[in-house]
Amino acid sequence: MKSLLNKRIAVFGAGAIGSYLGSKLIEHGFTNVEFVARSGYEILKNAGLTVRNYTDKSPYILKVNAVKELSGLYDAILICVKSKDTVNAAKEAAKHLNNDGFVVSIQNGVENPDIISAFIPPEKVTAAVIYMTAVMQEKGVLEYMAECRLIFGNLSGESSKYTEIFGVILKQAELNAKYTDNIKQYQWQKLMLNIILNPLTALFRKTFYKMSQYDDAVSLTKSLFKEAQNAAKLCGVEIVDEEYDKIYARCKEHVTFKSSMYQDIEANRNPEVDAILGVVVRTHEKYGLTAPYCDCLLKIMNVKYGGWFQISPTLAADVLIINKNKVLLIDRKNEPYGWAVPGGLVDLYETMEHAALRELQEETGIKADISDLHLLGIYSDPKRDIRGHTVSAVYVYFSDKEAQAADDAKDAKYFPINNLPENIAFDHRKILQDAKEKYMK
1 MKSLLNKRIA VFGAGAIGSY LGSKLIEHGF TNVEFVARSG YEILKNAGLT VRNYTDKSPY
61 ILKVNAVKEL SGLYDAILIC VKSKDTVNAA KEAAKHLNND GFVVSIQNGV ENPDIISAFI
121 PPEKVTAAVI YMTAVMQEKG VLEYMAECRL IFGNLSGESS KYTEIFGVIL KQAELNAKYT
181 DNIKQYQWQK LMLNIILNPL TALFRKTFYK MSQYDDAVSL TKSLFKEAQN AAKLCGVEIV
241 DEEYDKIYAR CKEHVTFKSS MYQDIEANRN PEVDAILGVV VRTHEKYGLT APYCDCLLKI
301 MNVKYGGWFQ ISPTLAADVL IINKNKVLLI DRKNEPYGWA VPGGLVDLYE TMEHAALREL
361 QEETGIKADI SDLHLLGIYS DPKRDIRGHT VSAVYVYFSD KEAQAADDAK DAKYFPINNL
421 PENIAFDHRK ILQDAKEKYM K
């Protein structure tokens, strides 16, 4: 089949996945790619797409053709929107598809290709399942961990000229992709991953690694998996029990990784709960059955995140001990690793000052009086902590007391202010510099 580099292709939904796929098309010579982006349109149009790989952190800027909406006719439309926007996207795509054009659903859940097929002839609808870790850190800034793995096919289970064309496009873009006659199997397998990884990490605002430390949370993921497994079986797809262990182990490997739902919540976006939990509930109801765990969690998530909501930054309090020309730092037990000023999160109904004193004693064994604390400053850069937006009040305490590392600290040492260790966590090097200029001249 001849080159398709000049085909007009729309990426409908320029989030992390859509932007990644669009960037690969452009980088490999496709000359007529449009990013349909409503919220980030101005940034993409004026500043381009910043692309960064987690492994090397070397960003580059890619010029993209950003538009607010579809116009004219397209040879291919890649639908990458959230499931709640599928109907509107399908209606728009149906009006802007040329006679020999096709659409591809690259979305979470198993229902979207069927929804799209209500507006576009089913033979022109390709379903795709994508596996990758990617995030839009901010509008116009894409970060990804590794190249994607993509599986695609037609819901009928038969190849068509449209799946063949899409396969050539993926090959020319040098994407890791394969065709399957059984796309429904992969859709349900991906849903199993999502149902274990996403809802609870979003609800608790913890990484899967952190959440997995609680037996009750793990038990809940098993219950959700069982109900999703039964829903798949009702739809003719067999998911073996061992799949849970594989997914659990894979999710637990990435200590600091945040699920897509968790990322949505931190960005004040409504998480995509219905496409993951709702389909399990609806499938059971279709056969006169119930899925109580998925149903209950879906209702909880809808109440908490179904409308407008706002997530505030996490509060923390730190205490920098100064002893003449030295400062006390702790060596952190948990990620992010490195030497840091003693401190931690503020508990509910606790003042910043009392949290600072409590954390200081828990991590170093040192007791201080509230009257001896001096406020150095408030540190609030949203990027200062890779685990999420944390605002910290940093206090100074002058003392020569010896420290005994405990709690989250595996060691505690005094360092000369002019001879600090290399691996300092968070933005604490800046905090130390500020303290030096204010108190240690």
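Reminder that position 21 of the sequence shown reads as 21 in the UniProt record's numbering, one-by-one numbering, no gaps.
From the three backbone atoms N, C-alpha and C, an ideal C-beta is built for every residue, glycine too.
- With 16 or more other Cβ atoms inside 10 Å of its own Cβ, E227 counts as buried.
- When only Cα atoms are considered, K233 and D385 end up about 42 Å apart.
- The region 55-101 is shown to contain whole alpha helix (DSSP H) runs of 4 or more residues at 86-95, in chain order.
- Distance from the CA atom of P382 to the CA atom of S160, rounded to whole angstroms, is 48 Å.
- L44 places its beta carbon 8 Å or farther from that of Y74.
- If you ignore the 5 residues before and after S83, its C-beta comes within less than 7 Å of the C-beta of Q107, N108, G109, N112, E272, D274 and A275, all in its own chain and listed in chain order.
- Per DSSP, the continuous beta strand (DSSP E) segment holding T314 begins and ends at T314 to N323.
- Less than 8 Å divides the Cβ of A14 from the Cβ of F35.
- Unbroken alpha helix (DSSP H) stretches of 4 residues or longer found wholly inside the UniProt domain "Nudix hydrolase" (312-437): 352-364, given in chain order.
- Runs of alpha helix (DSSP H) with 4 or more residues, each lying fully within the region 224-281, are found at 242-253 and 260-266, listed in chain order.
- Distances from the alpha-carbon of A393 to those of K436, R387, V346 and E362 put V346 closest.
- In the structure shown, K178 adopts extended strand secondary structure according to DSSP, grouped into three states.
- With a cut-off of 8 Å on Cβ pairs, the region 387-403 is in contact with the region 311-330, counting three or more such pairs.
- D318 is not a Cβ neighbour of P336, given a cutoff of 8 Å.
- N423 counts as exposed, since fewer than 16 other beta carbons sit within 10 angstroms of its beta carbon.
- Checking the DSSP bridge columns, you'll see V103 partnered with I77 and V125.
- Under the three-pair Cβ rule at 8 Å, the region 236-256 does not count as touching the region 289-302.
- Of the residues I130, Q137, Y162 and E363, the one whose Cα lies closest to the Cα of Q189 is I130.
- G22 and V11 have their C-alpha atoms spaced approximately 6 Å apart.
- Burial is judged here by how many other beta carbons sit within 10 angstroms of a residue's own beta carbon; C296 has fewer than 16 and is exposed.
- In this structure, L142 sits near T50, with a CB-CB distance shorter than 8 Å.
- Judged by beta-carbon spacing, I183 lies within the 8 Å limit of G153, meaning their Cβ atoms are closer than that value.
- A straight line joining the alpha-carbon of D245 with that of L315 spans about 35 Å.
- For V110, no alpha helix (DSSP H) encloses it, and the DSSP letter there is neither H nor E.
- Scanning its chain for C-beta atoms nearer than 6 Å, with the 5 sequence neighbours on each side dropped, one finds around M145 the residues Y54 and T133, in chain order.
- Rounded to whole angstroms, the separation of the alpha carbons of L200 and T221 is 8 Å.
- Annotated as proximal: T283 and A231, with beta-carbon spacing under 8 Å.
- Using a 10 angstroms sphere on the CB of Q229, the tally of other CB atoms reaches 16 or more, which defines it as buried.
- Residue nearest to R38 within the set A202, K139 and A118 is K139 (criterion: CA-CA distance).
- Less than 8 Å separates the beta-carbon of L78 from that of G18.
- Around the C-beta of I311, fewer than 16 other C-beta atoms lie within 10 Å, and the residue is accordingly described as exposed.
- Around the CB of Y60, fewer than 16 other CB atoms lie within 10 Å, so the residue is classed as exposed.
- Assigned with DSSP and collapsed to three states, Y439 falls in helix.
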